[in-house]
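Q:
In full-length UniProt numbering, the protein residues as written are 1 to 230.
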């Protein structure tokens, strides 16, 4: 295995705006990919955040709306997990015939150790009401895409069962350090065993709803299809 400290490689840039860069192939199998080598996938420009006045809002179909500071959040019970994050378009440049989307090579995948509060702990504090169907996590990153007609925040939905899974985290550390800004600081959702598009960066709010989320990025391009069951 290549020593990540012995060399000073660069990420492989696939797009400058928004910035999309992949991990050099010799590092993708590392037990923990270093912060500066973790692949970067963005749909919009990096958001402007005020770290000194950051609050996490939890609202929607709950009994107790919550507004948590970072100091309050890190005092809650936490866990650390080794998780692989992979873009759903990883290796797309190898597809034949060619398909629409970022033309990734083999490096839109990285692994490391994430520490955070299980999402179910936060939802227990908020006391979910009956009838809750999905949890929508919204990031601070927002903008326009050519296929959309207005400005949207990057938001993804989780079925309530996945949101309550004990390994779904609201993370604040990666490899023992605060999550780097370009990877979602101060808070990033981590959804193990799902493509990385579900692991929303720069979390702004968490909303519990009783219907299917109709956000544009969950309908066009970045949707999660449910399995049909007989």
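Idealized CB from N, CA, C, for every residue including glycine. Bear in mind the structure is a predicted one, so any value in this text is a computation, not a measurement.
Under 8 Å, with one C-beta from each stretch per pair, do the stretch 191-202 and the stretch 77-97 reach the 3-pair mark?
A: Yes: at least three Cβ pairs fall under 8 Å.
Q: Residues in its own chain within less than 7 Å of residue 203 by CB, not counting five upstream and five downstream?
A: One-based indexing of the chain shown puts residue 203 at position 203. The answer, listed in chain order, is 56, 137, 139, 170, 187, 188 and 189.
Q: How long is the line joining the alpha carbons of residue 35 and residue 15, rounded to whole angstroms?
A: What you label residue 35 is simply residue 35 of the chain shown in a count that begins at 1. What you label residue 15 is simply residue 15 of the chain shown in a count that begins at 1. Each residue's Cα considered, the two are about 19 Å apart.
Q: Is it the case that the stretch 35-45 contacts the stretch 117-126, given that we only count it when at least three CB pairs across the two stretches are under 8 Å?
A: No, the stretch 117-126 does not touch the stretch 35-45.
Q: Quick check: the Cα distance between residue 76 and residue 66, rounded to an integer number of angstroms?
A: Residue mapping note: residue 76 aligns to position 76 of the chain shown, counting from 1. Residue mapping note: residue 66 aligns to position 66 of the chain shown, counting from 1. Residue 76 and residue 66: Cα-Cα distance of roughly 14 Å.
Q: Taking DSSP as the reference, what is the three-state secondary structure of residue 179?
A: Locating residue 179 in the chain shown gives position 179, where the first residue counts as 1. Three-state result, residue 179: coil.
Q: Helix or strand or just coil, what does DSSP make of residue 153?
A: Position 153 of the chain shown, counting from 1, holds the residue named residue 153. Residue state, collapsed to three classes: strand.
Q: Provide the residue(s) that pair with residue 18 in DSSP beta bridges, ordered along the chain.
A: Within the chain shown, numbered from 1, the residue matching residue 18 stands at position 18. In the DSSP output, where bridge partners are listed per residue, residue 18 has none listed.
Q: Taking residue 167 as the reference, which of 61, 63, 82 and 17 has the closest Cα?
A: If you number the chain shown from 1, residue 167 lands on position 167. Nearest of 61, 63, 82 and 17 to residue 167, Cα basis: 82.
Q: My guess is that residue 60 and residue 155 are in contact by the Cβ rule of under 8 Å, so how many angstroms apart are they, rounded?
A: Looking up residue 60 in the chain shown gives position 60. Looking up residue 155 in the chain shown gives position 155. Residue 60 to residue 155, Cβ: 13 Å. No contact.
Q: Grab the span of the alpha helix (DSSP H) containing residue 160 for me, first residue to last.
A: Working through the chain shown from its first residue, we reach residue 160 at position 160. Residue 160 -> alpha helix (DSSP H) spans 160-163.
Q: Would DSSP call residue 80 helix, strand or coil?
A: Counting from 1 along the chain shown, the entry for residue 80 is found at position 80. Three-state result, residue 80: strand.
Q: Residue 142 and residue 135 - do their beta-carbons sit closer together than 7 Å?
A: In the chain shown, the residue the question calls residue 135 occupies position 135. In the chain shown, the residue the question calls residue 142 occupies position 142. Their beta carbons are not under 7 Å apart, which means residue 135 does not touch residue 142 by this criterion.
Q: Quick check on DSSP: helix, strand or coil for residue 228?
A: The residue labelled residue 228 in the question sits at position 228 within the chain shown. At residue 228, the pLDDT of 35 sits below 50, so the modelled position is not reliable and the matter cannot be decided from this model.
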